[in-house]
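Here's the structure we're looking at; comments come further down.
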Amino acid sequence: MSEAQRSAQSIFAPAQGLANDWLEFFNARAVQPAAAAATEDDVRGPGQLDNSLHSVLTITTMTLATSGAKGAAMVTLLLVAMTVVCVPGAQPRSFTQTEIAQLDRFVMEVMRCARIPALSLSLVSDDDVVYEKGYGTANPTTRTPTTKDTVFCLGSFTQSFTSVLLADLLSRNENKTFETPLRDIMGSRIHLPGHYRADLVNLKDILSMRTGLSNMDIIATAVGVNRYRLMEQNLRFAPEVTSFRESYVFNEILFSLVEEAARALGGNTWYRLLRQHVFNRLGMENVAFVHMDAKENNKLASPVHSLNGKPVQVPMDAYKGQELVAAASSVCASASDMTRWMQFILSGGKKDDSQAKYSLTKDPEHFAGHLAPRDASTTRREEIMRVRRLQVMRRDVLQNTFQPVQPRPRGSTRLTGFSQPDIQVSYTRESNRYAFVSQEGSLPGYESLITLLVDRKAGVFTAFTGDGGARAYAAKTLINTFALDMLLQGNPWVDSTSVCHVMDTMTDMTRRSEPHPTRVSAMSEPIRPLEDYEGTYRHYGYGDVFIRRNGSELHLEYGELGRYILTPSSRNDTFIIQANSGPLWYTTNADEYRSKGPYLAFFDNRYNDPERRPETVTIPFFSSDIAPVFSKHPVRPVESEQEDVECDACANFISVPLILTAAMSTMVVSLRNHCTYDDLKKAADSILSKTKYRPKIGIICGSGLGHLGELVEDRIAIPYKDIPIFPISTVPGHEGKLIIGTLEGKAVVLMQGRSHTYEGYPTQKIAVPVRTMKLMGVEILFVTNAAGGINPGYAVGDLMIIKDHINIAGFAGINPLIGPNDDRFGVRFPPMSNAYDIELRNLAKKLGKEMGFESFLREGVYSMLVGPNFETVSECLLLRKLGSDATGMSTVPEVLTAKHAGMRVFGMSLITNKVVSEYDSEVMASHEEVLETGKKRSEDLQALVSAMVKNLKV
Ligand SMILES: O=P(O)(O)O[C@@H]1C[C@H](O)[C@@H](CO)O1
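For what it's worth, the working numbering labels the leading residue of the sequence shown as 73, then goes sequentially.
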């Protein structure tokens, strides 16, 4: 076993420890079937067959893409097309005790054969709740029984919620429809490949999946791209599977555009809008989002899948990437919530309000806009019924979202199933008499399926935990079919004695219809040295994969979470790709996925010349549509040997050059070197272990200003090179030491020198020391710098209290907060007003006055350009016009990071030179001048900072 495999095992070990054997799951189940004694014959004898409904199972092979986080694997599933043959007049109705026992028995038998630990079911008919129930164990650790309120994550079912939300938002907007080009809704350009797509793509195209673009959901799974970069950069290189509007091609990644459209239409985030417009209105109380608050929800059913035949909990971190496709697959809800949803859809926008205390006469505002117009013939009773069924959304708003229209031809992935006026996102199939709408969803460890017979006002919802794939699909389809047959007084063609056998047959057929895995065997030696494969390989849509030799192994990194080992195979230049560690470990190793393997990566060189090193790597595992080909990138923008070693512990990000023709400049943005919370915590703890002080004050010293460190008493000094994740200062005037001790009696941590973006560090790396300080306990950050004076009234040697900043680098896409947001540091969208704490600024002014600094103490706006060149004259004039008083090459990334992390910030610039603002001037800015001035005036700056530290109440 390799080192990497060992580490993968140890990461997975706790999860295994938590889980019980499957058998135990069933033994632990809390809900036993009620009155299970009756046999099916008691309920419905064979004689009734002719006279009742019966469903005919038609098995059709159809290819469906798996949803979001399962990786991009394509699975061929058996679609069970249910044909309901109706005897006219038969009506849905409630169940007898015997029927309940029959249903329970059936469900539990399915659970046993499909190894489902927890399942919830809800059945509605004609606006009434027929049955809601939870089965099995929702949480094997706490042994919590499943109930109707247990929360399951629904995966792609989320698209139905999104679709209804948009219908509602659009109904409030006179000028926009589902067919308005997205760019007219979002007010910005949309970047998509191919003719007309970017100009014409609309909400309908995305919701009904007819853009023809490859799903690329691995991007979300591996968490390496943020939404804006996805929209600006990656999507414009999305591989085309078919022409625009030609065929149905499963795609969830484009829902990130839908999310933005919702924000543009509703003026709020998709999450908030969904709660306000849908969940709160319907009284869906248990809703959570899989990547956000689901893990804190104590009603959440633990996601489970099997590993070597045993149940193992899926780590919640595996869902991190769902943020990117939230509008497509992130909602979690309970069966009782889904009862409300089904009633809402089946009743054309109403909610059961029978518990409400409102009175139509006393609370007219409550009903305003919701009630259908009353006509003269309305009776009192009808009035009351209306109150009981409150119209929460106009019927016509829902009209196009959930009506079964033309069926999608069986076995076909062609668009005709989503006819032009049809915006609903469900898979609609036809029966002899009824069309039914069904929408399924899955995430690792979760499965769900809703089936609605809209004409009959009947619906069933099933959700469960456990493995996905063919067996799960068979399980949920069979349960819904059985329940609907019972509801419609049909005679289910399969019962609890035969269901396991049927499920086995369906699963086998599916597996047989799946493409056979390529036959290769693992080899110990590749045909060429491992070094030949090393490098950064780039796909402009998917981003970068990094391939490195690690001892005797070849490793592939993709995004924050995707870490794989490449094992040489019996085919030349072909490697078996196997997830190595971390939350996505399951993607190639859990039973469900292993059965489809081996997953391969094919290296190739353009000239087919065995003497040449590979130039591309093709990874079919990343996409079910078109295998992405990554081409070797000549040089990584920032790469030192030291960094590779140092940031091994850090998650490496996809690095994609983001060419932004912004008003200011064109920059290359690299998103490597985010360090994880754990890496930073480790560094913070290690630093604290070297000192008895627990500083709440942090100080960053700018060019030539590090002498302040000499005033720190009882100090220890740690060179940055001894703190593995810290960037090393390479500029004269920046010592590169972390000093901890006391200043004016207060514990402080002081950075004697900093690093800058122009030194070649990704701006995210500049955030590392600030976040480390935060995790050491620092609450107030002092940031100092040397800056060029722009304000004509400033003189060399002035001290400028920073009132605010202009992040010119940010305009060009350089910002340390770019990348996935770790909520433990701060919020996704941190406010930046009062970035420089007003109280601290006032304190500085007061103390400055007392110290006699008034004549050279200023307050002004700092602007940051990246450097390393000093500004041109025109740039200086522009900065002056923008309202900047001084300019430099640092500080802003640190302040953004500190504010994001909730720290208070005080900033001060020493004006070391005046920027050159005349075209014919012979004056030249120089770093020597900067350092010289620093030497002369740094004492005043030190005195002011020290006085402030003394006066702080920390
Ligand atoms: O680190 P700071 O911002 O104090 O340093 C400034 C900007 C450049 O690094 C350098 C130019 O002389 O001084």
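Idealized CB from N, CA, C, for every residue including glycine.
(request) Determine the extent of the alpha helix (DSSP H) in which T1032 is found, giving its start and end residues. (result) Look at the range of the chain in this structure, 73 to 1026, and you will see that residue 1032 is not part of it.
(message) Check for me: the beta strand (DSSP E) holding Q385 runs from which residue to which?
(response) 382–385
(message) Is any non-hydrogen atom of ligand 1 found closer than 7 Å to the C-beta of G770, if you look at the structure I gave you?
(response) no
(message) Check for me: the alpha helix (DSSP H) holding Y203 runs from which residue to which?
(response) Per DSSP, Y203 belongs to no alpha helix (DSSP H); it is in the beta strand (DSSP E), 200–211.
(message) Taking 5 Å as the limit, name every residue whose beta carbon sits nearer than that to some heavy atom of ligand 1, in sequence order.
(response) G774, S775, N857, A858, G960, M961, S962, H999, V1002
(message) I'd like to check one pair, V376 with P189: are the Cβ atoms closer than 8 Å?
(response) yes
(message) Less than 8 Å between the C-beta atoms of G778 and H806, yes or no?
(response) yes
(request) Say whether the region 975–982 touches the region 845–857, bearing in mind that this needs 3 or more beta-carbon pairs closer than 8 Å, one atom from each stretch. (result) yes
(request) Pull up the distance between the alpha-carbon of V362 and that of V297, whole angstroms please. (result) 18 Å
(request) Return the bridge partner residues of Y934 from the DSSP annotation. (result) H877, A958
(request) Specify whether the region 295–312 and the region 605–613 touch according to this definition: at least 3 beta carbon pairs, one from each stretch, less than 8 Å apart. (result) yes
(request) Assign G1006 to one of three DSSP states: helix, strand, or coil. (result) helix
(message) In whole angstroms, give me the CA-to-CA distance for T690 and A673.
(response) 6 Å
(request) With a 10 Å radius around its C-beta and 16 neighbouring C-beta atoms as the bar for buried, classify V1017 as buried or exposed. (result) buried
(message) Can you tell me which residues form a DSSP beta bridge with K422?
(response) Q463
(message) For L822 and G781, which I take to be in contact (beta-carbon distance under 8 Å), what is that distance rounded to the nearest angstrom?
(response) 5 Å
(message) Using CA atoms only, rank isn't needed, just tell me which of E816, T748, D794 is closest to K809.
(response) D794
(message) Under 8 Å: do the region 951–965 and the region 865–880 share three or more Cβ pairs, one atom per stretch?
(response) yes
(message) By DSSP's criteria, G979 is part of a beta bridge. Which residues make up the other side?
(response) V855
(message) Going by beta-carbon coordinates alone, are T249 and L241 separated by less than 8 Å?
(response) no
(request) Starting from the Cα of W413, find the closest Cα among A400, W342, R635, V196 and give me that residue. (result) V196
(request) Using three-state DSSP, classify N677 as helix, strand or coil. (result) coil
(request) Assign R930 to buried or exposed, taking buried as 16 or more other Cβ atoms, counted over all protein chains shown, within 10 Å of its Cβ. (result) buried
(request) Sort D198, D200, R187, K205 by Cα distance to D176 and report the nearest one. (result) K205
(request) Assess, as a yes-or-no matter, whether the region 550–565 is touched by the region 520–535 under the definition of 3 or more beta carbon pairs within less than 8 Å. (result) yes
(message) Taking contact to mean 3 or more Cβ pairs, one atom from each stretch, closer than 8 Å, check whether the region 325–333 and the region 373–392 are in contact.
(response) no
(request) May I ask you to verify whether the region 595–610 touches the region 632–645, counting CB pairs closer than 8 Å and requiring at least 3? (result) yes
(message) Run through the DSSP bridge pairs and tell me what F647 is partnered with.
(response) P640, A673
(request) Could you check what DSSP says for D616 in three-state terms: helix, strand or coil? (result) strand
(message) Assess contact between the region 620–629 and the region 654–669, defined as three or more Cβ pairs (one per stretch) separated by less than 8 Å. Is contact present?
(response) no
(request) State the Cα-Cα distance for the pair D895 and M845, rounded to the nearest angstrom. (result) 17 Å
(request) Using a threshold of 8 Å, state whether the C-beta atoms of L191 and T218 are closer than that. (result) yes
(message) Helix, strand or coil for K1022? Go by DSSP, reduced to three states.
(response) helix
(request) Closer than 7 Å by C-beta to E718: which residues in its own chain qualify, once you throw out the five before and the five after it? Chain order, please. (result) Per-residue confidence for E718 stands at a pLDDT of 34, beneath the threshold of 50, marking its modelled position as unreliable; the derived number appears in the next sentence. Contacts found: P796, I797.
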